[in-house]
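Chains as they are written, first to last, in the working numbering: chain A, 1226 to 1349; chain B, 3 to 176; chain C, 206 to 306; chain D, 120 to 551; chain E, 374 to 543; chain F, 42 to 239; chain G, 2 to 379; chain H, 126 to 290.
First comes the structure, then the notes that go with it.
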Amino acid sequence: MVGELAGNYSTVVLMFAFGIVAMAPALVISRMISPRKRSNPVKFLPMECGQVPSGEGRTHFMMQYYPYILMFVVFDVMAIFLYAWGSALLEIPKIATLPMMGFLAIMFGAMAFALYQSGRRRIW
Amino acid sequence: MLKDLVTPENANVFVGKLGDILEKAIDKPLGYAINWGRIWSLWPVHIETACCSVEFGAASSPRYDVERFGIIEAFGSLRQCDLVVVQGTITRKMAPRLRLVYDQMPEPKYVIAMGACAITGGLYFDSYNVLPGIDGVIPVDVYVPGCPPRPETLIQGCMLLQEKIKRMKARKFV
Amino acid sequence: MTSELVDFTLVSVALLGIGIYGLAVKRNFIRMLFAVEIIINAANLNIVAFGRFLPHSGGQTMALFSIAIAAAEVAVGLSLIIVAYRMYQNVDIADFRSLKG
Amino acid sequence: MSVIAPNFKLSEFIKSLLDNVFWIIFIVVLIGIPAIMMILFVIEMPVIDGELLTPFLALTWIADPSRILPIVKAFMATDIFRVMAFPGFGFAALLAAGTIFIERKMLAKLQLRVGPFYCGKFEGILQLMGDGLKLISKEIIIPAKADKPIFWAAPVLFVAAAAAFVAFIPVAPGWVVADVDMGLLGVFAVIGFFPIITILSAWSANSKFPFIGGIRALFQMVSFEIPLILSLLGVVMLTGSLNLSEIAASQSSFPWIVFLPVGAIVFFITMLAELERIPFDLPEAESEIVAGWLTELSGMMYGLVQLGTYLKLYAFAALFVVVFLGGWNGPMVVPPFPAEILEKGIELGPVTANIPGLPLFTQDMLNGTLWFVLKTVGVIFFILLPRGVFPRIRVDMLLSLGWTKLIGLAFVNIFIALGLLYAGVLGPGGLQ
Amino acid sequence: MADAAFLALAVITIGSAIAALELRSLIYGSIALMGTLGGIAGFFFLLDAPFVALFQLAVYVGSIAVLILFTVMLVKRELIFKKIEDKRRKFAGIGLMLVIMVSLGAVFLDSGIKTITTDEPATDFRDIGTDFVTYYWPALILMGLLLAGSVTGALVLAKREDVENDQRAS
Amino acid sequence: MSTETENPSADAKPEIKTPPAKPAANKPEPTPVELPAFEKSISDKIVEKFGDKVEVAFVKEDRVRINVDKENVHDVAEFIRDGLNYDHVESVSGVDYPQDNEIEVVYHIGSYTDSSLARQILVLATRAPRETNPIPGNDATRLPTLRDVFYSVEFHEREVFEMFGVFFEGHPDNRRLLLPEDWADLPPLRKDFAIKGR
Amino acid sequence: MTFNLPPGLALQKVDERIMTLNVGPQHPGSGHMRIIVQIDGDYIVACDPDPGYVHRGEEKMAEYRNYITNIPHLERPVIHDSCNVLYPYVLGAEELLGIEVPERAKYVRVIASELNRCIYIMYWLAIYGIFLGHSTMFMWPAGDRELLIDLMEKMTGARVTHAHFVPGGVRNDLPPNFEDVCLRQVNYFEKRIKEYAAVFYDNPILISRTRDTGILSRQDAIRYGTTGSVLRASGVDYDLRVKEPYDVYDELDVHTNVMKEGDSYARSRIPWLDMMESCNIIRQALQKMPKSGSVRVKLKPNPKTKGLESVYKRVESGRGSLGCYIVSDAKTEPYRVKLSVPSFRNLIALPNLLKGEKLGNMPSVYWSLNYWPVEADR
Amino acid sequence: MGTATGIIRALNSGIKHIATKRFTLRYPEEKLKFVGDGYQFDPSTGVGIAGLKGRHMLFHDHCTGCQLCSIACEGVAEAIAMVKVPEEQKQNKKSIMPQIDYGKCVFCGLCVDACPFYALYMTNDYELSSFSKEGLIYTPAQLQVKPYVAQDSEIQISDRGATHG
Ligand code: SF4
Ligand code: SF4
Ligand code: SF4
């Protein structure tokens, strides 16, 4: 039957939902029983070490490490591809490892280049 | 009937009153529990104002170890703290910052004035740049005298503060 | 109503439509990327659905490849956006006409 | 905020209140009770052990408590119980709470001091409760320009994601919330949620330090996810399964750490990084960026994030145990339950001690749980220990560590596994 | 079981797809896009393809969404909330969408696939792995080349070439 | 160091003629109190170079004090650095003399590189005119900065500026340092700034 | 400094990339000061220290107090190094008042000063540990420091603010049996600080974090006029206890620790070596000290100086050479007291060292400068 | 390999310390032992007697009301104020005695040094925290009380580390 496997996974969703259902009340209860005082608008300013904050809080060009995120996207795919291969490894002929090695070699090349690029700090 | 009773304007009243009733019912036990929690979990904000911070550090050192009382030193952000230990002199440059730090902390919050400088200005009673005590800046709960106070005195001050919290109403503000 | 192939295809068609709408209407580069993602996902859904209902393991394999390609595409696309944004300080597609990067 | 009605009169208010009470009672009596009756009438009550579960059965339980057992047993078999209590949330939260307490005490001992001591009379055992009560009664400050929905949701989602992670962990044979074929992949999918929650929470606070911390957390988690994924591949290759229960069961004779120590080390280090534990706690490095992405979280929000963090810690430690240390496998130490004990209880001279809960559990399950918990606590100890011994690493060092050394080691591990497999040491023709 | 889940997923997926395009804030748009991707993953579960589903979750939600969020956060705050589009195009777009949806939907509903359903067991995920390295191995190598090319290209693109290049642009 | 000898002053040569490079008995430390001969040679070199422009206030053991006019202080400082091997300023202190209507700025100059000078402190004092109603930065209380000679005076001079109102011309960064941002009173270390109750 | 700014700075749009962070005054990594850093991504492109949060006007107030009542005041800038910070003032006042100090008092002073140096360094080390995220390294030094504090407390009756040195000697004699206790605890203390090597100084993470960060070359160290451990970590052999011995240091065998590297690691290691040296000195002094004798010259209640005179005295404190410039006129109060404090002198190096560093290096570089904000502000 | 051995050494050192004795002084139960009864000053020799500089103690029968302590403190913290006391103390002609405000006092002991009549001592009492500023002002009558002392913990050094016994 189509969709029978999905039942197994529903417990994960159930657990996730339970996490939300169990924890949201904690915030609500906390909001209910905690004292609140909004006397001073200063209170709601972003915290900046006892200084009245200046400037935009959300601008931060941390570009130095941006290549790592780019690499992550690609190599994540690679890693999970490897799982498809690795979990079936016991059943496939040994010769079939070669394409995977070729794939890995290509990826190693790419990774070496990417690491070299990301190591050069001047260009980011 | 219900409809014209609960208008948007007075809905808050109802909610508030309902809260009050609820509070009455569970006030005693809940208040006690909350106070108990607050007593044993005083997290001081990390604001060093002057040299008393040395002895504040000593109070959390292995020899005196304020963590026995649930006080964790060197806490990161002020948003999670509930105790200001004013560690000494408040200069005119520092005072607004101290006030800001105090303001930005979430309720309930407590203040311990540590050291002669924080209480009255101490040695610097006639200095041109030092405030005579911090009462004018933030309300103080416990005074811990000394210059600097011995860690024992500070711990005693913390115990006094615990006593004070025990007697406080759990919900001071609505 | 039980789950049938046609249900999945219909959902996929809806997503495709939405994606095409987004591509046609939006001029924000990032939004257009969103639209492309939606279209790719619609296609994946179809691939997997057909693979399931006309049993063939190739469907899932195709989907895996498709997702991987999408990942590569997004990486390049976002790099493009960054370059373009750095040049024009904007994400409006109209500004990118002279983009040569 | 609260708008008090301008012409507010107490008498009117009381009158209206009384009216309300009257109406509520009226409506409940007129509609509610029949409705409940009808629902009871319509809904089919489950049959357990050949007995129909009716409300009247409760009366017999009062007379004979042991008759409740089948029902409890049936309840324990449901998903709800698993999610809420035993292998799921309750168990994990209990262990997480224990972890926090142990961490504080152990760190204190390492640092030659006492740690929490006075709270709860005995060695500060209730310290955590105190902290929790305090946090829950603490004001929650939402920064003025914060993105409120995300800001509120992030801590809750963090706990929920951690809980979803816990769902994959098999504690004892058959005791797992989600017994799925691809548990390991599921774990990776769930881990992928944490960076998103972190960065969203950091962004929504609209403050500088959280944003820097969030971006750091993002870089860190994202960079270490790949060595994490790769380091587990060796085990998967050798077992040929992604099911965590099967992986655990496959180690009945020896744990995989014997053959794949490199993978275990890589996994341990990446685990520390994913958990933001001390050598890698850059996102919360207090001497640089205050408290990182937690800076603006106050009160219970902070508490929830802490809870989520420690749930995650438990889940990672458990994953380590399951994958590398053989999960629940261990010598049988729990004595078998003879039938007469189950039925009659233990005879201790004149008295007969009935062990009430015992029939609910099997020997296997108790033994497995025991070993599992022991191993997990051991791993948790080693997760906690670096906090006392190492300083914090720097972010560029961290990233280069993850991307060069650890990925390299992970591949070494993969090739070791491949070699073992093809040399016939392990796998179909080998030891297993 | 599958039906309720199917409906819910359909609503989530399509709703959040619309939201992803129409929400004012790009951040919320990204979150909604994550909803769409997750919904698709749910469909994959329903189609007994958990491997693909989890791959989708890990890759799309776990990494692509992160990358998108990160990029969106780099963009100036005003731009995150700015909507650039005009009315005419919008109506044309809606029209186009409807035409496509109706025509394709009609085609599908009218064709023979309407009745297709299956009782065969789902494909084991190990078959996929086997396929990968046996039947599809050229594709795998190609995929490797593609991924390598993309990461190289992306890095080369995203780096700030040199100073004067940037100055010319500004 | 000896390059300066080609400019002999009109005065009689100083009678103590120690070899300038390596004075006796200063390397091994425990030597007991000796006559401040070495110190005298330092002051003599300065006097030799600048003649009347400098005034040697005292020569004590390890300490030589020289008073200079504000016009010459820069040159003297340069000579002290290049000719005498002193390389850093330990402290810059202002002293207010209301009766003289002057503010004295005292540089304590020491040397790390020259081990024979290790225990020496050369005190270079100069005076700036003082105003009764100072407008820090905009009045006649000015001195040339020594920052280009001795980099280490940077923060010290900033401090003297805010504590005494002595403006150092040519100092790149004459901002407030220690006092609160909104300080509007007299510079506090002047004698006419009375602290409360005294 | 041979660092080139990231090329982004050359652009006109730099302001977008650059974020200004206020580090302090309420910041776990700043102490009582504010450092305004501008960061471009992970790199600090500019840094502006903003001290003065503890400026209490000690120098002004010293003009209103007589030579004795100044004592509690002048030790407040560095209360955990209070003997050393008072030392130059006391020496100067003795010279101005023309007092000869008894021999035993000199030895007591040396012991107190060395103990205090260790106490200071231990606190410094504790904070350095916490700045690097090493909580154990906060706790151990903070705890072991108490061993010496205990000694000082026996000796002077206060934990940190001793007010022990006075012009004319020390306030009170050593308590009975002090020598034995002192030897025992100092020996144990030395054993303890050797333990730190494994967990801290030889820890590979610490080494990789602090090596080659914030390098202060020899020339720069001299040019900025830095002092103390900062100077000696840059390869300049300069210790006032050797170069310009005061009190009885010329009778003791003092060894100067010098390191060549000039990076944060060297700057953090030198104080540790100094502590061992201090232990040695204490042992020597305990041995050589006259077993009995007067420790304080009796003074008139309000001593006066002779006339307009000035002295400049220096001692080697825990942070480096600490000078005190006293101008006196014939009054009971000094005319002007100026403390030339090492923290203030080392502060000059901070903006230069931080420029171009990574943000993660900020705490380690900052605190390795041996900076105590209260002292710098006075 | 240097890295690995370093890490192992650090871990080893950490684990070793788990077995070391705790250094903590459990303060409210245990209290430190000090030298003597507190800081005193012998006006005849001009040298103090070692002891803790804690709360002051005033001997009413020695105090003559000469104000010297107050004058000494003026330069320090202005903590001492001379107040009228009921005229029971025959020694004190002016019937004024010092009253000390511990919110200001810095425990320097200079007032003890200044008292020529051996009337002002310091004691081992340091538990002075209070809820209010007024509670910190100690009148002559309060200063007369000798504090109760039960202080007996000292640092003990053994093979397994230092403890407080
Ligand atoms: S009370 Fe004493 S130790 Fe504390 S800040 Fe003031 S002067 Fe410093
Ligand atoms: S101890 Fe010092 S501050 Fe306290 S009263 Fe005596 S002189 Fe004044
Ligand atoms: S205590 Fe001593 S100094 Fe003070 S008034 Fe009495 S006798 Fe005079």
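For glycine and all other residues, C-beta sits at the position ideal for the given N, C-alpha and C.
Just so it is clear, the structure is predicted and the values come from calculations on it, not from any experiment.
Note to self: If you follow the alpha helix (DSSP H) that H289 (chain H) is in, where does it begin and where does it stop?
What the structure shows: Element bounds for H289 (chain H): not the alpha helix (DSSP H) but the beta strand (DSSP E), G286 to H289.
Item checked: Alpha carbon of T214 (chain C) to alpha carbon of G264 (chain C), nearest angstrom -> Spanning the two alpha carbons is a distance of roughly 14 Å.
Next item on the list: Show which residues of chain A have a CB atom less than 7 Å away from the CB atom of K460 (chain E).
Entry: Below the 7 Å Cβ cutoff, chain A contributes no neighbours of K460 (chain E), its closest Cβ being approximately 31 Å away.
Notebook entry, point to check: In chain order, what residues of the same chain have a beta carbon less than 8 Å from the beta carbon of G389 (chain G), not counting five sequence neighbours either side?
Noted result: No statement about residue 389 (chain G) is possible, as the shown extent of chain G runs from 2 to 379 and does not include it.
Next item on the list: Report all residues from its chain with a CB closer than 6 Å to the CB of E376 (chain G); omit the five preceding and five following residues, and keep chain order.
Entry: P78, V79, V342 and S344
Next item on the list: Please determine if the stretch 227-237 of chain G and the stretch 263-273 of chain G are in contact, where contact requires at least 3 C-beta pairs separated by less than 8 Å.
Entry: yes
Next item on the list: Measure the CB-CB distance between L347 (chain D) and T317 (chain D) and report whether it falls below 7 Å.
Entry: no
Notebook entry, point to check: Going by Cα to Cα distance, which pick from H:P241, H:H181 and H:F232 is closest to K301 (chain G)?
Noted result: H:P241
Next item on the list: Just the chain F side, please: which residues come within less than 9 Å of M260 (chain G) by C-beta, in chain order?
Entry: Think of a sphere of 9 Å around the beta carbon of M260 (chain G): no beta carbon from chain F falls inside it, the nearest being about 15 Å out.
Next item on the list: Could you tell me whether any Cβ in chain E is nearer than 7 Å to the Cβ of V241 (chain C)?
Entry: no
Check: Of all the CB atoms in chain B, is at least one closer than 7 Å to the CB of S278 (chain H)?
Finding: no
Note to self: Please identify, using Cβ separations under 8 Å, the residues of the stretch 408-437 of chain D that lie next to chain E, in order along the chain.
What the structure shows: none
Next item on the list: Return the chain-ordered list of same chain residues with a C-beta closer than 6 Å to the C-beta of A118 (chain F), the five sequence neighbours on each side being excluded.
Entry: Excluding its 5 nearest sequence neighbours in each direction, A118 (chain F) has C-beta neighbours in its own chain below 6 Å: L187 and V190, listed in chain order.
Notebook entry, point to check: Is E405 (chain D) close to chain G, meaning its C-beta is less than 7 Å from at least one C-beta of that chain?
Noted result: The C-beta of E405 (chain D) comes closer than 7 Å to at least one C-beta of chain G.
Checklist line | N- and C-terminal bounds of the alpha helix (DSSP H) containing S79 (chain B) | finding: Careful: S79 (chain B) lies outside any alpha helix (DSSP H) and carries neither H nor E.
Note to self: Would you say P1266 (chain A) lies against chain B (beta-carbon separation less than 7 Å)?
What the structure shows: no
Item checked: Whole runs of the alpha helix (DSSP H) within the stretch 130-173 of chain B, excluding any shorter than 4 residues -> Under the rule that a run must span 4 or more residues, the alpha helix (DSSP H) segments found entirely inside the stretch 130-173 of chain B read 153-169.
Notebook entry, point to check: Which residues in chain H sit within 7 Å of C149 (chain B), going by Cβ to Cβ distance?
Noted result: Within chain H, the residues near C149 (chain B) are V231 and F232.
Next item on the list: Identify which residue in D:A281, D:L159, D:N325 and D:E415 has its Cα closest to the Cα of K431 (chain D).
Entry: D:A281
Next item on the list: Enumerate in chain order the residues of its own chain whose CB-to-CB distance from A98 (chain F) is below 8 Å, with the five nearest sequence positions on each side excluded.
Entry: R106, I107, N108, V164 and A166
Checklist line | Buried/exposed call for G211 (chain F), threshold 16 Cβ in 10 Å | finding: exposed
Notebook entry, point to check: In three-state terms, what does DSSP make of D85 (chain F)?
Noted result: helix
Check: Within 10 angstroms of its Cβ, does H261 (chain C) collect 16 or more other Cβ (buried), or is it exposed?
Finding: exposed
Checklist line | Backbone CA spacing between S82 (chain F) and E95 (chain G) [nearest angstrom] | finding: 27 Å
Item checked: Residues that C194 (chain H) bridges to, as DSSP identifies them -> C194 (chain H) is not bridged to any residue.
Next item on the list: Determine whether the Cβ of L351 (chain G) lies closer than 7 Å to any Cβ atom of chain D.
Entry: no
Next item on the list: Assign K289 (chain G) to one of two classes, buried (16 or more other C-beta atoms within 10 Å of its C-beta) or exposed (fewer than that).
Entry: exposed
Notebook entry, point to check: For L22 (chain G), does the three-state DSSP call read helix, strand or coil?
Noted result: strand
Check: In three-state terms, what does DSSP make of L165 (chain F)?
Finding: strand
Margin query: Is the beta carbon of G139 (chain H) closer than 7 Å to that of V233 (chain D)?
Written below: If you check the CB distance, V233 (chain D) and G139 (chain H) do not come in under 7 Å.
Note to self: Helix, strand or coil for A542 (chain D)? Go by DSSP, reduced to three states.
What the structure shows: coil
Margin query: For the alpha helix (DSSP H) containing E76 (chain G), name the first residue and the last one.
Written below: E76 (chain G) -> no alpha helix (DSSP H), and no H or E assigned at all.
Notebook entry, point to check: How would you list, in chain order, the residues of chain F whose beta-carbon sits under 7 Å from the beta-carbon of S129 (chain B)?
Noted result: I236
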